[in-house]
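Asker:
Numbering (this note's numbering), first residue to last: 387 to 542.
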């Protein structure tokens with residue numbers, strides 16, 4: 387009885403849950419947390435994969451190599467989104483997937499959260515190199531301060 391009341395309260399607070407994958411090196415943990423929460427409280431789930439637009443090697447000209455690298459990364463991320471969609475559907479969870487190729491991951495995520503009335507944003511924060519850590523700390527801090535929704539950061 388208490389668990390049902392708790393689920394009812396949580397489903398009113400977190401109607402829309404989004405999982406944002408913002409790092410090239412990530413785990414499945416944030417997806418698993420989002421899936422379990424959505425399943426338990428009956429929320430809608432959105433999985434977002436974000437990737438920076440790759441700057442061309444030659445400033446004004448994108449080479450074939452640049453295009454191939456970007457296409458490979460996009461294909462890998464889109465395949466991952468499809469796999470996660472299948473997993474969620476097997477679990478009976480309504481899921482949307484979104485792929486973002488952007489110049490600013492933080493601002494894209496913030497705009498998405500605002501435009502889609504996301505109540506809980508889950509962000510993956512895996513072990514990163516020192517250079518990556520500095521960049522992704524800034525992204526997560528920006529999202530935290532500007533997204534105006536609950537934020538959950540999963541760590542390994």
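Glycine included, C-beta positions come from ideal geometry on N, C-alpha and C.
1) At a cut of 8 Å, does the region 449 to 458 reach the region 415 to 430 through at least three beta carbon pairs?
2) Whole angstroms are fine: how far does the CA of residue 542 sit from the CA of residue 460?
3) Considering only residues of the region 402 to 457, which uninterrupted beta strand (DSSP E) runs meet the minimum length of 3 residues and lie entirely inside it, listed in chain order?
4) Starting from residue 495 and walking both ways along the alpha helix (DSSP H), at which residues does that stretch end?
5) The beta strand (DSSP E) with residue 504 in it runs from where to where?
6) Determine, using beta-carbon pairs with one atom in the region 519 to 533 and one in the region 479 to 496, whether at least three such pairs fall under 8 Å.
7) Using alpha carbons as the reference points, say which of 508, 535 and 537 lies closest to residue 435.
8) Between which two residues does the beta strand (DSSP E) carrying residue 536 extend?
9) At the level of alpha carbons, what is the spacing between residue 391 and residue 469?
10) Taking 6 Å as the limit between beta carbons, can you name the residues of its chain near residue 504, skipping five residues before and five after?
11) Give me the residue from 484, 502, 422 and 523 with the minimum Cα distance to residue 478.
12) Go through its chain and collect everything with a Cβ distance to residue 463's Cβ below 7 Å, but skip five positions before and after it.
13) Count the other CB atoms, across all protein chains shown, that sit within 10 Å of the CB of residue 449; report buried if there are 16 or more and exposed otherwise.
14) Where residue 399 and residue 506 are concerned, what is the direct C-alpha to C-alpha distance, given to the nearest angstrom?
15) Where do the ends of the beta strand (DSSP E) carrying residue 485 lie?
16) With burial defined as no fewer than 16 other Cβ atoms inside 10 Å of the residue's Cβ, what is the status of residue 416: buried or exposed?
Answerer: According to the structure shown:
1) no
2) Within the chain shown, the letter at position 74 stands for residue 460. Within the chain shown, the letter at position 156 stands for residue 542. Each residue's Cα considered, the two are about 24 Å apart.
3) List check, beta strand (DSSP E) in window: 402 to 407 and 430 to 438.
4) In the chain shown, counting from the first residue as 1, residue 495 sits at position 109. Where residue 495 is concerned, the enclosing alpha helix (DSSP H) stretches over 491 to 501.
5) Working through the chain shown from its first residue, we reach residue 504 at position 118. Unbroken run through residue 504: none, as it is neither H nor E.
6) yes
7) As a working mapping, residue 435 is identified with position 49 in the chain shown. Out of 508, 535 and 537, 508 has the C-alpha closest to the C-alpha of residue 435.
8) Along the chain shown, one-based indexing puts residue 536 at 150. Note, residue 536: beta strand (DSSP E), 536 to 540.
9) For the purposes of this step, residue 391 is taken as the residue at position 5 of the chain shown. For the purposes of this step, residue 469 is taken as the residue at position 83 of the chain shown. For residue 391, the predicted structure reports a pLDDT of 47, less than 50, and the residue's modelled location is therefore unreliable. A value from the coordinates is still provided. One C-alpha to the other measures close to 33 Å.
10) For this step, residue 504 is matched to residue 118 along the chain shown. Closer than 6 Å at Cβ, skipping near neighbours: 402, 404 and 535.
11) As a first step, residue 478 is located in the chain shown; it is residue number 92 there, counting from the start. That would be 422, whose Cα lies nearest to the Cα of residue 478.
12) Sequence index remark: in the chain shown, residue 463 carries index 77 (1-based). Closer than 7 Å at the Cβ level, and outside the excluded window around residue 463, lie 435, 437 and 485.
13) The sequence position of residue 449 within the chain shown is 63, counting from 1. When all chains shown are included, residue 449 counts as exposed.
14) Along the chain shown, one-based indexing puts residue 399 at 13. Along the chain shown, one-based indexing puts residue 506 at 120. The alpha-carbon atoms of residue 399 and residue 506 are separated by roughly 9 Å.
15) Taking the chain shown and counting its residues from 1, one reaches residue 485 at position 99. For residue 485, the enclosing beta strand (DSSP E) begins and ends at 481 to 488.
16) Counting from 1 along the chain shown, the entry for residue 416 is found at position 30. Residue 416 should be labelled buried.
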